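Residue numbers (the numbering used here), protein chains in the order written: chain U, 4 to 120; chain E, -9 to 103.
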């Protein structure tokens, strides 16, 4: 089974621009989550989508947004880029239902390295 | 407020010996705990997980122990191999449909030949 794929792998933008990152989940996985990794803050949750709806959201400004398509593929968008947005952006996919007896594991893609100049 | 803490930034062990990585959490709502291994510039690789209804889970060389009363979990790797050298992240999430993972800062494990 193919893993989670993310495109592009590397991106360089300048302050004030906007960027769109893409994530294709593992086949059959309908939940997609996004994370930001920076040296100072570590891995931080951005948001999670299921059935084209945002199900959970982290503490990031409104410049960070996302969406999910009917085929479960997801995109995240960052508008008005700031230097501090330079990070590794990671996408994780999972089966949509999780119980204590059968918890749903979350699998990550390779990430998109965004550099803001 | 760090809800998931990995207090050891680094750990060095000899090949063949046991590696023990520790993780503490503060949020009683966490229901599911995962360990990931990560290399630089790559996404985390899922290793092993444990649900709050269990206190131990084994998968090959990897065993995770959960002590709910102490809000503590640990990952044991036996025997350690040089290929295990990486950053290990502990993560936790609530139960139900909340898939938000809260991560620790990670522990750099170095296994020396």
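For glycine and all other residues, C-beta sits at the position ideal for the given N, C-alpha and C. As the structure is a prediction and not an experimental result, all values here were calculated from the model.
- Taking a beta-carbon distance threshold of 8 Å, residue 88(E) counts as an interface residue toward chain U.
- Residue pairing for residue 92(U): DSSP places it in a beta bridge opposite 39(U) and 115(U).
- Contact check for residue 12(E) against residue -4(E) passes: the beta carbons are separated by less than 8 Å.
- Within 8 Å of the CB of residue 32(E), the CB atoms of chain U belong to 113 and 114, in sequence order along the chain.
- For residue 32(U), the CB contacts under 7 Å within the same chain, skipping 5 residues up- and downstream, are 75, 96, 97 and 98 in chain order.
- For the set 118(U), 6(U), 8(U) and 42(U), the Cα lying nearest the Cα of residue 81(U) is the one of 118(U).
- Listed by position along chain E, the residues whose Cβ is nearer than 7 Å to that of residue 59(U) are 88, 89 and 90.
- Ranked by Cα distance from residue 43(E), the options 51(E), 50(E), 19(E) and 37(E) are led by 19(E).
- Distance check between residue 36(U) and each of 16(U), 42(U), 110(U) and 63(U) places 110(U) closest, using alpha-carbon atoms only.
- Three or more Cβ pairs drawn from the segment 38 to 53 of chain U and the segment 74 to 90 of chain E lie within less than 8 Å of each other, which places the two stretches in contact.
- Assignment of beta-bridge partners to residue 78(U) by DSSP yields 25(U) and 70(U).
- Residues of chain U whose Cβ lies closer than 8 Å to the Cβ of residue 36(E) are, in chain order, 108, 109, 110 and 111.
- Between residue 34(U) and residue 53(U) a beta carbon distance of about 5 Å is seen, short of the 8 Å cut, so the two are scored as contacting.
- The alpha carbon of residue 17(U) has as its nearest neighbour, out of 24(U), 100(U) and 84(U), the alpha carbon of 84(U).
- In this structure, the beta-carbon distance from residue -2(E) to residue 108(U) does not fall below 8 Å.
- Proximity of residue 34(U) to chain E, defined by a Cβ-Cβ separation below 8 Å, is satisfied.
- Contact of residue 95(E) with chain U is assigned, a C-beta pair being separated by under 8 Å.
- Judged by DSSP in its simplified three-state form, residue 14(E) adopts strand.
- Between residue -7(E) and the set 83(E), 71(E), 102(E) and 88(E), the nearest pair of CA atoms involves 83(E).
- Between residue 29(E) and chain U, the shortest Cβ-Cβ separation is not below 8 Å.
- When rounded, the separation of the alpha-carbon atoms in residue 22(U) and residue 55(U) is 20 Å.
- Of the residues assessed, residue 73(U) falls on the exposed side of the cut-off, its CB having fewer than 16 other CB atoms within 10 angstroms.
- For residue 79(E), the closest Cβ of chain U is nearer than 8 Å.
- Close partners of residue 48(U) in chain E (Cβ separation under 8 Å): 90, 91 and 92.
- With 16 or more other Cβ atoms from the protein chains shown falling within 10 Å of its own Cβ, residue 9(E) counts as buried.
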